[in-house]
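Enquirer: Got a structure for you, questions after.
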Amino acid sequence: MNNSTPDIRTLLAVRNYDLSATLAGGQAFRWRQQAGAWEGVIGRRWVRLLTEESGILAETAEPQAEWSWLEEYLQARLELESVLGTFPDDEPMRASVVACRGLRLLRQDPWECLASFILSSTKQIVQIQQIIGLLCARYGSPVRVPAGHEPAWAFPTAEQLAAAPEEGLRACKMGFRAPNLLATARRIANGELPLEELRAVSLDEALARLLELPGVGVKIAHCVLLFAYGFPQAFPVDVWVSKALRQLYFPKHRPSTARLRRFVASHFGPHAGYAQQYLFHYMRTRRP
DNA sequence: CACCAGGGTACCT
DNA sequence: AGGTACCATGGT
1 MNNSTPDIRT LLAVRNYDLS ATLAGGQAFR WRQQAGAWEG VIGRRWVRLL TEESGILAET
61 AEPQAEWSWL EEYLQARLEL ESVLGTFPDD EPMRASVVAC RGLRLLRQDP WECLASFILS
121 STKQIVQIQQ IIGLLCARYG SPVRVPAGHE PAWAFPTAEQ LAAAPEEGLR ACKMGFRAPN
181 LLATARRIAN GELPLEELRA VSLDEALARL LELPGVGVKI AHCVLLFAYG FPQAFPVDVW
241 VSKALRQLYF PKHRPSTARL RRFVASHFGP HAGYAQQYLF HYMRTRRP
């Protein structure tokens with residue numbers, strides 16, 4: 001995959017990759033299905049992705065000398081089967097694996113991931129997508145798109161949001177989340193918490209640092225630890241995963257949140273975060 | 001019109 | 001340590 005000649009297209013040789021479940025399943029919020037393909041923005045690049053028999057066909061608006069940024073984002077080199085093989089051999093996980101064929105974990109930009117999940121609290125995924133769409137159009141920098149295509153924007157930087165008035169953020173429909181996003185953007189922009197440095201520390205240390213931010217609790221912090229930093233043991237427990245754990249593993253009791261946390265830490269293995277995403281998607285897509 | 005949504009926080013007991 | 005109200009807004 002080392003193209004020496006810059007091209008706007010490449011083929012990622014990856015199979016068993018469900019773009020829909022992965023891009024629109026509550027990890028990232030900027031992907032739209034357009035004529036059978038998935039269109040979004042990664043960093044400052046507009047991208048279109050299409051599933052083919054031999055892999056994923058990717059197209060950008062400008063020629064790319066190399067595609068490692070895309071392989072990293074999609075985690076295209078990950079051997080999915082070796083991850084699924086570490087899941088506990090119980091009925092809920094077997095059902096989840098069957099229901100979530102080709103579901104992957106992305107590797108996102110920490111700031112975009114952090115800001116996005118601050119906006120996610122008690123919102124449905126479609127609403128989070130709407131809020132972030134408004135936010136990007138209002139405060140993000142435009143990115144190059146194919147000729148005749150509708151405009152697209154990069155996710156606003158922490159500096160761009162730190163300079164925004166709270167009323168401007170509220171105009172993006174984020175309601176009470178606006179002061180939290182603004183305060184966190186200012187702390188990131190002025191260097192109080194260097195997000196890049198968290199790549200080099202332990203999960204517990206990164207967790208403690210993220211929890212210092214306004215609007216960031218245990219759940220949102222674990223989302224960033226899993227979806228951006230790739231800590232395999234990060235395990236966000238939202239209303240869906242909580243429901244999955246209680247219904248599927250503790251149907252008779254009513255375990256406390258502390259009890260649940262001890263359970264997930266010991267039960268789901270070295271790729272617990274992956275197992276969590278399978279439970280989440282399974283609960284959200286199965287018929288009630 | 002209720003009830004819920006990939007929660008966090010302050011404030012209670 | 002464990003409950004509860006409240007935050008703003010749109011989907012179902």
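For the first sequence, our numbering begins at 1 and goes up steadily by one. Yeah, the Cβ is synthetic: ideal placement off N, Cα and C, and Gly gets one too.
1. Under 8 Å between the Cβ atoms of residue 143 and residue 209?
2. Per the DSSP calculation, residue 51 is bridged to which residue(s)?
3. Any idea what DSSP makes of residue 192, helix, strand or coil?
4. Taking DSSP's pairing of strands, which residues face residue 40 in a bridge?
5. Out of 90, 10 and 37, point me to the one whose CA is closest to residue 70's CA.
6. Check whether the Cβ of residue 242 lies closer than 7 Å to any heavy atom of the ligand COA, and answer yes or no.
7. Rounded to the nearest angstrom, how far is the Cβ of residue 187 from that of residue 193, given a contact under 8 Å?
8. Throw me the rounded Cβ distance for the residue 177 and residue 118 pair, which I believe falls under 8 Å.
9. Under three-state DSSP, which class holds residue 233?
10. Considering Cα atoms alone, identify which of 170, 137 and 148 is closest to residue 156.
11. Would you call the segment 193 to 203 in contact with the segment 165 to 175, where contact means no fewer than 3 C-beta pairs closer than 8 Å?
12. Contact between the segment 55 to 68 and the segment 159 to 169: three or more CB pairs below 8 Å?
13. Checking 8 Å against the spacing of the C-beta atoms, do residue 278 and residue 74 come in under that value?
14. Taking DSSP as the reference, what is the three-state secondary structure of residue 216?
15. For residue 76, name the three-state secondary structure that DSSP assigns.
16. Work out the CA separation of residue 31 and residue 79 for me, nearest whole Å.
17. Around the C-beta of residue 92, are 16 or more other C-beta atoms found within 10 angstroms, so that it is buried, or is it exposed?
18. Which stretch, first to last residue, makes up the alpha helix (DSSP H) that contains residue 22?
19. Residue 283 by DSSP, collapsed to three states: which one?
20. Opposite residue 142 in the DSSP bridges: which residues?
21. With DSSP as the reference, identify every bridge partner of residue 7, one or two as the case may be.
22. Relative to the C-alpha of residue 225, which candidate in 240, 254 and 271 has its C-alpha closest?
23. In angstroms with no decimal places, state the Cα-to-Cα distance between residue 19 and residue 47.
24. Report the rounded CA-to-CA distance for residue 242 versus residue 267, giving the unit in angstroms.
25. So for residue 27, helix, strand or coil by DSSP?
Expert: Taking the coordinates as given:
1. no
2. BP columns for residue 51 point to 56.
3. coil
4. Answer is 47, bridged to residue 40.
5. 10
6. Because no ligand of any kind appears in the structure shown, any question about the ligand COA cannot be addressed here.
7. 6 Å
8. 6 Å
9. coil
10. 137
11. no
12. no
13. Their beta carbons are not under 8 Å apart, which means residue 278 does not touch residue 74 by this criterion.
14. Judged by DSSP in its simplified three-state form, residue 216 adopts coil rather than helix or strand.
15. coil
16. 24 Å
17. buried
18. 19 to 23 is the extent of the alpha helix (DSSP H) around residue 22.
19. helix
20. 153
21. 64
22. 271
23. 13 Å
24. 15 Å
25. coil
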